[in-house]
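So the protein lines, in turn, are chains A and B. Residues 9 to 448 in the numbering used here are what the first sequence lists, from first letter to last. Residues 816 to 1328 in the numbering used here are what the second sequence lists, from first letter to last. Yeah, the Cβ is synthetic: ideal placement off N, Cα and C, and Gly gets one too.
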Amino acid sequence: MEVQEEMSKDLSTHSAAVKRRMSQRLKKRQAAEKRFQFYGLAAIFIGMMFLVILFTTIIGKGWPAFLQTSVLVNVNLDPEIIDPTGERNVDKMMQANYTKIARQGLYAELGGKPKNRRDRKLMHNLLSRGVDVQIRDAVIADPSLIGKTVPIWLYAHGNVDALLKGAIDRNTDNSSRLVKDKQIAWMDKLVAEDKMVKRFNWGLFTHPASSQPETAGLGVALIGTFFMVIIVLLLAIPIGVAAAVYLEEFAPKNRITDVIEVNINNLAAVPSIVFGLLGLAVFINFMGLPRSGSIVGGLVLALMTLPTIIIATRAALRAVSPSIREGAYGVGASKMQTIFHHVLPLAFPGIMTGTIIGIVQAVGETAPLLMIGMVAFVQDFPTTPMEPATALPVQIYMWATSAERGFVERTAGATMVLLAGLFILNAAAVYLRRKYERKW
Amino acid sequence: MSEVLSLYVTGFLTYILPPVIVVSIVFFIGKWKAQGLAKQTSTAANAAGLHSRPPYHGAFLALVSFLPAVLVFLTWSIAEGPVIKGMVNNTLPASVTKLDQGKQDLITSVIGTIENGLNKLDQKELDLLKSASKGDQAAVPVEPETVRKLFESKNIILADNPEPYLLAAALKSRDLVQFSTYGKYIAFVLISIAAFLFAYSSIKLRLRARNGVETIIRWFLILASVIAIVTTFGIVFSVLFETINFFQIIPPSNFFFGTVWDPRFGWGATGGDGNFGQYGFLPLLWGTLYISIVALLVAVPIGLFSAIYMSEYAGPKLRSIAKPALEILAGIPTIVYGFFALVTVGPFFRDAGAVVGLEINASSVLTAGFVMGIMIIPFISSLSDDIINAVPQSLREGSLGLGSTKSETVTKVVLPAALPGLVGAVMLAASRAIGETMIVVLAAGIAAKLHMNPFDALTTITVKIVNQLTGDHEFGSPETLVAFALGLSLFVITLMLNVYALYIVRKYREQYD
Chain A
9 MEVQEEMSKD LSTHSAAVKR RMSQRLKKRQ AAEKRFQFYG LAAIFIGMMF LVILFTTIIG
69 KGWPAFLQTS VLVNVNLDPE IIDPTGERNV DKMMQANYTK IARQGLYAEL GGKPKNRRDR
129 KLMHNLLSRG VDVQIRDAVI ADPSLIGKTV PIWLYAHGNV DALLKGAIDR NTDNSSRLVK
189 DKQIAWMDKL VAEDKMVKRF NWGLFTHPAS SQPETAGLGV ALIGTFFMVI IVLLLAIPIG
249 VAAAVYLEEF APKNRITDVI EVNINNLAAV PSIVFGLLGL AVFINFMGLP RSGSIVGGLV
309 LALMTLPTII IATRAALRAV SPSIREGAYG VGASKMQTIF HHVLPLAFPG IMTGTIIGIV
369 QAVGETAPLL MIGMVAFVQD FPTTPMEPAT ALPVQIYMWA TSAERGFVER TAGATMVLLA
429 GLFILNAAAV YLRRKYERKW
Chain B
816 MSEVLSLYVT GFLTYILPPV IVVSIVFFIG KWKAQGLAKQ TSTAANAAGL HSRPPYHGAF
876 LALVSFLPAV LVFLTWSIAE GPVIKGMVNN TLPASVTKLD QGKQDLITSV IGTIENGLNK
936 LDQKELDLLK SASKGDQAAV PVEPETVRKL FESKNIILAD NPEPYLLAAA LKSRDLVQFS
996 TYGKYIAFVL ISIAAFLFAY SSIKLRLRAR NGVETIIRWF LILASVIAIV TTFGIVFSVL
1056 FETINFFQII PPSNFFFGTV WDPRFGWGAT GGDGNFGQYG FLPLLWGTLY ISIVALLVAV
1116 PIGLFSAIYM SEYAGPKLRS IAKPALEILA GIPTIVYGFF ALVTVGPFFR DAGAVVGLEI
1176 NASSVLTAGF VMGIMIIPFI SSLSDDIINA VPQSLREGSL GLGSTKSETV TKVVLPAALP
1236 GLVGAVMLAA SRAIGETMIV VLAAGIAAKL HMNPFDALTT ITVKIVNQLT GDHEFGSPET
1296 LVAFALGLSL FVITLMLNVY ALYIVRKYRE QYD
């Protein structure tokens, strides 16, 4: 009896201990469960936070680039300086000293030409070094202005712009500040008279390359990117779709087509810089196409986009229900007719979505374009794809590596332009997918 | 602006519109003939009528008429340049053909300059040039000076007084080009007409026009897929070819086993004392791997945990927000990440390091790796998401039925089952990181060293490819050729990673399908 009692007591204490330990372990396990869930949520949160930080940084740094400080100067377009002979020869008028005209106008605004040479230089430095081009363009566009005094908005110097935007602190010591006290006094006067104003910076979209941030723009880069997108569309879509149709619908399923399939999948994962090497070796050195031309860039990007389009098209063709094909065969269509009249139109939204994704990749691509010399300082707008050009991401790279402080905001501004363009393309892809998506 | 527009409009009107019109006319001729045949016989004994519908006859006629001519024209255009060059080179005296390659190229370019200049001369000046090209045998000898001055007056600058044989070669080249151009167009027209007549006469009721057209389309499809394949071989061969050139100057042991990266720039200018500097690949490989490892250390935990949470815990609402948001990260161009690293992350780490007393470079392994890690989060998360979702539900239910918690199910059952696939996903992400260029160009630095300090700058293979090719170096010099050797190494490394990763992913997928 005693033994039995002892045993049951033992057992009960034992089971109590087990229960206690069990409940402790359960608590631990539930805590582990909570922790695990927390890690997951934290990971998603961190990922999304990176996205938010990235966008706020770029927008925060970039928005001032869309505004540009300008000075309203009444410039006297003196015929003595512009066209002393009066023959209105454009070549000679191009070479006139427009900087002098701008400076004289500025003296008049600020109460006369300073006597001191140092002060004169300070006053000159209120204006950008690119103002001569602004006046020249106005004169060439309308030679009847010569001899008149006209108000023109001239770009302020990059440092003046930075001070008005708060990038340069006006309360620091005069000697170490890039904008001197005297200049600030003049600026305040002009601002009070509403003659120095931040205006919307159209020049960011139209100006070509420049060494001064205030006259540098994305004009050449946008044209280059446009040419390259056109070339990619013209080459990659027909070739890519045709290749996908053949591989998906016609090619016999054997070892060779297996190799081709693996090959195309791998081609999509080849580092983009290697495509740049291909472009340099084949298109420039072997075929002799012009270095820096957007034709080479377009060809390289088309080759890069090809695998993306092929893979997307094959997926879209595969997604078309077999009943469509069987219906077409049933009414006597040939294989070619089935594909071109029935399957391809139904696969079209999928193909377009894949193509847009490929174009998005191509537009944002920088590295291969560096290889083929599109990192050039191009001041002339290209009219054909054979002429030197840059591209939007390459321009961002060039500005990002440039030392002038004014280029930081330009870089971020250009990045915003690029991201906005890509956003529109992506939105188009999503819209297409939503609108035409169908389930069989 | 209007000038550019008119340039494009004239270009369209001269080069695009006429061919389109001609081809359409031919198409309709074929279609109408077929329709006519069908009408004549619709009531007759030939009840079967046309074999193919009339538009196929039109397309057949157009394709057969112009395709051979276009092919001949293209082949001719490709072949004429080398053929003419060879014929011109044959006229050069033996003293020239014995020169080395560089000097011969120079002479070829001088001939090209003269040839381009010929277009600016009028007939009298051309006659002068012709007699000058005869040298001493000319009826009226011409002073060598006069030719150079003549060209100078047309804004064409020649370095020396051109030798008579150069002028003769340029004249001959011009004649050949003219002859070839005329020949090419005449051949095009003749072949088109002949083919048209043949095809037109062959349009009959029983002509299998559809089959013919479909065969041609099929060949076009094959050609397109061949181009996609040729690209791969193009990459391999073009890069391999230049790499072999590089290894003829620099021994492979210097490249593959060298630990010092110190190319001597401008060796050609100094005459080349035979010392081209050192091209050690190992510091670059180390930098690439180190930065990629840092990137994976950032991306794998974040990517994997968000994939687990999204596939196992998240409701449809969170999923519909978080998944696209993370995928946006994949769509951002790498140059944007590079700029972000340069102006935000780099300075942030530098300042943060200064606060805790660490010296962190603005461009460092940490900065580049961290930003690259952010970039590859979506690769890992979306691939892992797919792979985790592919684990059969029955495995989860079995585990939950035995009383394990959800997290235990994930860590002890789902993840082990998904492990091969996850390894594949990580390898794909790693190959992406190794081939990444713009982030490291802007944020990793250019110091090719072998050190372990994550707070100091290191460089990568891709950075050096960019550095070697964006300068103004002679193309044949080892400084530029080394970029191709680096590119080939990069290609091989990423290819091996990809092939293996795809193999693993595919093998794993088959187990549960």
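Can the beta-carbon of residue i be found closer than 8 Å to that of residue j?
{"i": "Ala408/A", "j": "Leu1055/B", "result": "no"}
{"i": "Ile1308/B", "j": "Asn1282/B", "result": "no"}
{"i": "Ala420/A", "j": "Ala73/A", "result": "yes"}
{"i": "Ala1145/B", "j": "Ala1244/B", "result": "no"}
{"i": "Ala877/B", "j": "Phe842/B", "result": "yes"}
{"i": "Asp99/A", "j": "Ile154/A", "result": "no"}
{"i": "Ala1014/B", "j": "Val887/B", "result": "no"}
{"i": "Ile52/A", "j": "Ser1121/B", "result": "yes"}
{"i": "Ser995/B", "j": "Glu895/B", "result": "yes"}
{"i": "Trp161/A", "j": "Ser78/A", "result": "yes"}
{"i": "Met131/A", "j": "Ala164/A", "result": "no"}
{"i": "Val925/B", "j": "Val416/A", "result": "no"}
{"i": "Ala1240/B", "j": "Val1206/B", "result": "no"}
{"i": "Gly851/B", "j": "Gly873/B", "result": "no"}
{"i": "Leu309/A", "j": "Val240/A", "result": "yes"}
{"i": "Lys949/B", "j": "Pro979/B", "result": "yes"}
{"i": "Glu269/A", "j": "Arg326/A", "result": "no"}
Taking Cβ positions only, does residue i come closer than 8 Å to chain B?
{"i": "Tyr444/A", "result": "no"}
{"i": "Leu311/A", "result": "yes"}
{"i": "Arg37/A", "result": "yes"}
{"i": "Tyr405/A", "result": "yes"}
{"i": "Leu275/A", "result": "yes"}
{"i": "Lys121/A", "result": "no"}
{"i": "Gly227/A", "result": "no"}
{"i": "Gly372/A", "result": "yes"}
{"i": "Thr391/A", "result": "yes"}
{"i": "Gly174/A", "result": "no"}
{"i": "Phe234/A", "result": "no"}
Spatial neighbours of residue i within its chain, please: C-beta separation below 8 Å, excluding the five flanking residues on both sides.
{"i": "Val158/A", "result": "Asn82, Val83, Leu85 and Ala146"}
{"i": "Arg418/A", "result": "Ala73, Leu212, Pro221, Ala224 and Trp407"}
{"i": "His349/A", "result": "Ala336 and Ala341"}
{"i": "Pro87/A", "result": "Gly94, Ile154 and Gly155"}
{"i": "Ser1246/B", "result": "Ile1308, Thr1309, Leu1312, Asn1313 and Ala1316"}
With 8 Å as the threshold, decide whether the Cβ of residue i is near any Cβ in chain A.
{"i": "Asn1313/B", "result": "yes"}
{"i": "Gly1250/B", "result": "yes"}
{"i": "Tyr1124/B", "result": "yes"}
{"i": "Ser821/B", "result": "no"}
{"i": "Leu828/B", "result": "no"}
{"i": "Ile1008/B", "result": "no"}
{"i": "Lys800/B", "result": "Since the first and last residues shown for chain B are 816 and 1328, residue 800/B lies out of range."}
{"i": "Gly1302/B", "result": "yes"}
Skipping 5 residues on each side, what residues in its chain have a beta carbon closer than 6 Å to that of residue i?
{"i": "Gly113/A", "result": "Val81, Asn82 and Val83"}
{"i": "Ile1117/B", "result": "Ile1192"}
{"i": "Leu828/B", "result": "none"}
By Cβ distance, which residues of its chain are closer than 7 Å to residue i, with the 5 residues on each side in sequence left out?
{"i": "Phe389/A", "result": "Pro216, Gly227, Val228 and Ile231"}
{"i": "Val992/B", "result": "Ile899"}
{"i": "Phe385/A", "result": "Ala217"}
{"i": "Arg322/A", "result": "Ala252, Leu255 and Glu256"}
*Output the residue ranges of the beta strand (DSSP E) runs that lie fully inside the stretch 61-122 of chain A and measure 3 residues or longer, sorted by chain position.*
DSSP assignment within the stretch 61-122 of chain A yields the following whole beta strand (DSSP E) runs of 3 residues or more, N-terminal first: 75-84.
*Do the stretch 1092-1105 of chain B and the stretch 1064-1074 of chain B touch if we need at least three Cβ pairs shorter than 8 Å?*
Under the three-pair Cβ rule at 8 Å, the stretch 1092-1105 of chain B counts as touching the stretch 1064-1074 of chain B.
*Write down every uninterrupted run of the alpha helix (DSSP H) in the stretch 292-360 of chain A whose length is 4 residues or greater and which is fully enclosed by it, in chain order.*
List check, alpha helix (DSSP H) in window: 302-327 and 330-338.
*asked:* For the stretch 1058-1067 of chain B against the stretch 1289-1300 of chain B, do three or more pairs of beta-carbon atoms, one drawn from each stretch, fall closer than 8 Å, so that the two count as touching?
replied: For the pair of segments examined, the stretch 1058-1067 of chain B was found to touch the stretch 1289-1300 of chain B: the number of CB pairs separated by less than 8 Å reaches three.
*Taking three-plus beta-carbon pairs below 8 Å as touching, is the stretch 304-322 of chain A in contact with the stretch 235-245 of chain A?*
Between the stretch 304-322 of chain A and the stretch 235-245 of chain A, the count of C-beta pairs closer than 8 Å reaches three or more; the two stretches touch.
*Per the contact definition of three or more C-beta pairs closer than 8 Å, is the stretch 179-189 of chain A in contact with the stretch 377-386 of chain A?*
A contact between stretches requires three or more CB pairs, one per stretch, nearer than 8 Å, and the stretch 377-386 of chain A fails this requirement with the stretch 179-189 of chain A.
*Could you tell me whether the stretch 1026-1043 of chain B touches the stretch 246-255 of chain A, where touching means 3 or more Cβ pairs closer than 8 Å?*
As far as the Cβ criterion goes, the stretch 1026-1043 of chain B touches the stretch 246-255 of chain A, which means the pair count is three or higher.
*asked:* In chain order, what are the residue ranges of uninterrupted alpha helix (DSSP H) at least 4 long that sit wholly in the stretch 943-1015 of chain B?
replied: Fully enclosed alpha helix (DSSP H) runs of 4 or longer: 959-968.
*Sufficient close CB pairs (3 or more, under 8 Å) joining the stretch 1264-1281 of chain B to the stretch 1173-1181 of chain B*: The stretch 1264-1281 of chain B, when compared against the stretch 1173-1181 of chain B, does touch it at the 8 Å Cβ threshold.
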